[in-house]
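Undergrad:
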Amino acid sequence: MIFYAQILILTLCTTVLTVCSLWILTGLLGQISLCHAAISAVGAYASALCSMTLISSVAPFSLMFLCVLIGGLSGGIIGLLAGLPAAKLKKEHITLSTLAFGEIIRSLLINIPYLGGRGLSDGSAGQSLVGIPPICGTGFLVCITLFCLLFLFCIKNSPFGRACRAVRDDEAAAQSVGLSPVRIKIFAFFLSGMIAGISGCLFAHGIGTLSPGSFSYVKSTEYVMFCVPAGDRLGLSVILGLFCAMLPAVLAPLGKHRMLLYALGILIFILMKAKKGKHHEK
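Residues are numbered in the numbering used here as their position in the sequence shown, beginning at 1, plus a constant of 41.
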C-alpha cells in the first residue's frame with residue numbers, strides 16, 4: 042500500500058510538472074510543442090547517468106539536488122535547441138518542427154548503447170536503463186514540485202510573462218514597442234524545457250528504471266490535450282495535469298482507444314469556447 046501511494050504521488054507530481062511546463066508555451070505564448078515528452082526523457086537520462094556514476098562518492102541528499110540541477114539544465118538546453126528553429130516559424134509549422142525534433146531525440150535515446158540499447162549496429166533495441174538509485178523521497182518530490190509551481194506562478198505576472206502574452210496576441214505590435222519575439226520564444230522554450238527536464242529527473246529517481254517507449258510523441262500529445270483547454274490559467278493547468286495523471290489508470294480497459302476520448306473532449310471544449318466567444322461578440 043505504501044509503495045502504491047508513493048508511485049501515485051510520483052505520477053501526479055511529474056505529470057503536473059510536465060503539463061505546466063507546456064503552459065509556458067501554450068498558455069503564455071500560444072505555441073504548441075509535441076516534443077516535451079522527449080525533453081523530459083533527456084532530463085531523466087542525463088540525471089540518471091549522473092546518479093549512477095556518483096552514487097558511491099556523494100551523499101544521496103546532495104546527489105539528488107545535483108541530479109535535479111543536471112536534469113533541469115539538460116532539459117533547458119534541449120528546449121533551447123528545439124526553440125531555435127521554431128522561433129522563426131509560424132504556429133502550425135512550429136508544431137511539426139517540435140514533433141520531428143522529439144522523434145529525433147527519442148530515436149537517439151533508443152540507439153545509444155550507454156542508455157540501455159544495443160547501439161546503431163543492432164538496430165532499435167530500446168532496452169530499459171535499470172539500476173537507477175531510487176534516491177528521490179516523497180517529501181523531496183513534493184517540495185521540488187511545489188517550488189517549480191511557485192516559480193511558474195511568479196513567471197505569470199512577471200515582465201517576461203506579460204511580454205509572452207504580448208507576442209501571443211500580436212507579434213507586430215509587440216515588436217513595435219521594442220520586444221523581440223524571437224528572443225522571447227527561445228527563452229520560453231528554455232524555461233519550459235528546464236521544468237520538463239526536472240520532471241524527468243524526478244520520475245527517473247522515483248521509479249528506478251527508464252524506457253524510451255515511455256517518452257513517445259503520444260505522451261506529448263496527451264500533455265498538449267490537457268494543457269490547451271487551460272489557456273493562460275496556471276491553476277487550471279495544475280488541475281488538468283492531475284486529471285491527465287489519473288485518467289490513464291481509469292481508462293486502462295480501453296487501451297489505446299482512450300486517445301479517442303481525449304480528442305473528443307478537446308473538440309467539445311473548443312466548440313464550446315468558440316460558441317461562447319461568438320455569444321460575447323453579440
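Note that beta-carbon positions come from the ideal geometry of N, C-alpha and C, so glycine has one too.
What residue does the alpha helix (DSSP H) around I118 start on, and which one ends it?
TA: Locating residue 118 in the sequence shown gives position 77, where the first residue counts as 1. Start and end: 101 to 127.
Undergrad: Taking the continuous alpha helix (DSSP H) assigned at I227, which residues delimit it?
TA: Counting from one through the sequence shown, the residue named residue 227 turns up at place 186. Where I227 is concerned, the enclosing alpha helix (DSSP H) stretches over 222 to 248.
Undergrad: On the premise that C108 lies in contact with F92, defined as a C-beta separation below 8 Å, what is that separation, rounded to the nearest angstrom?
TA: On the sequence shown, residue 92 is found 51 positions in, with the first residue counted as 1. On the sequence shown, residue 108 is found 67 positions in, with the first residue counted as 1. Inspection of the sequence shows that residue 92 is occupied by Ser rather than by Phe. That pair is a contact at about 5 Å.
Undergrad: For the putative contact between S105 and C177, defined by C-beta atoms under 8 Å, what is the C-beta separation to the nearest angstrom?
TA: Within the sequence shown, the letter at position 64 stands for residue 105. Within the sequence shown, the letter at position 136 stands for residue 177. A small correction: the amino acid at residue 105 is Met; Ser does not occupy that position in the sequence shown. Their Cβ separation, rounded to whole angstroms, is 6 Å, which keeps M105 and C177 in contact under 8 Å.
Undergrad: Taking 8 Å as the threshold (C-beta atoms), are C242 and G143 in contact?
TA: Working through the sequence shown from its first residue, we reach residue 143 at position 102. Working through the sequence shown from its first residue, we reach residue 242 at position 201. It is not a contact, given that the beta carbons lie outside the stated cut-off.
Undergrad: Let's see if you can read the secondary structure: which residues bound the alpha helix (DSSP H) around D210?
TA: Position 169 of the sequence shown, counted from the start, is the residue given in the question as residue 210. 200 to 210 is the extent of the alpha helix (DSSP H) around D210.
Undergrad: Are the CB atoms of S240 and T67 within a distance shorter than 8 Å?
TA: Here residue 67 corresponds to residue number 26 of the sequence shown, with the count starting at 1. Here residue 240 corresponds to residue number 199 of the sequence shown, with the count starting at 1. Their beta carbons are not under 8 Å apart, which means T67 does not touch S240 by this criterion.
Undergrad: Can you tell me whether C189 is buried or exposed? The criterion is at least 16 other CB atoms within 10 Å of its CB, across all chains shown.
TA: For the purposes of this step, residue 189 is taken as residue 148 along the sequence shown, with counting starting at 1. When all chains shown are included, C189 counts as buried.
Undergrad: Could you please give me the residues that DSSP links to L251 through a beta bridge?
TA: Sequence index remark: in the sequence shown, residue 251 carries index 210 (1-based). According to DSSP, L251 bridges with L170.
Undergrad: Beta-carbon within less than 6 Å of G326's beta-carbon, same chain only, minus the 5 sequence neighbours each way: which residues are those?
TA: Absent from the model: residue 326. The displayed extent of the chain is 42 to 323, so no value can be given.
Undergrad: Check whether the Cβ atoms of Y86 and L191 sit closer than 8 Å, and answer yes or no.
TA: Taking the first residue of the sequence shown as 1, we reach residue 86 at position 45. Taking the first residue of the sequence shown as 1, we reach residue 191 at position 150. No, the pair does not count as a contact, with Cβ atoms beyond the cut-off.
Undergrad: Among A215, P253, L193, S217, whose alpha-carbon lies nearest the alpha-carbon of G276?
TA: Here residue 276 is taken as the residue at index 235 of the sequence shown, counted from 1. Ranking the options by Cα distance to G276, first place goes to L193.
Undergrad: Measure from the alpha carbon of Q47 to the alpha carbon of each residue in I73, A286, G247, then state which is nearest.
TA: In the sequence shown, counting from the first residue as 1, residue 47 sits at position 6. Minimum Cα distance to Q47 is reached at G247.
Undergrad: Could you tell me which of L220, S252, I196 sits nearest to S148, measuring between CA atoms?
TA: Here residue 148 refers to the residue found at position 107 of the sequence shown. Closest option to S148, Cα to Cα, is S252.
Undergrad: CB-CB under 7 Å to V223, same chain, minus the five flanking residues each way: which ones, in chain order?
TA: The residue you call residue 223 lines up with position 182 of the sequence shown. Cβ within range, chain order: A128, K129.
Undergrad: Taking the alpha-carbon of I280 as reference, which of C61, Y45, L51 has the nearest alpha-carbon?
TA: In the sequence shown, the residue the question calls residue 280 occupies position 239. Here the closest residue by C-alpha is C61.
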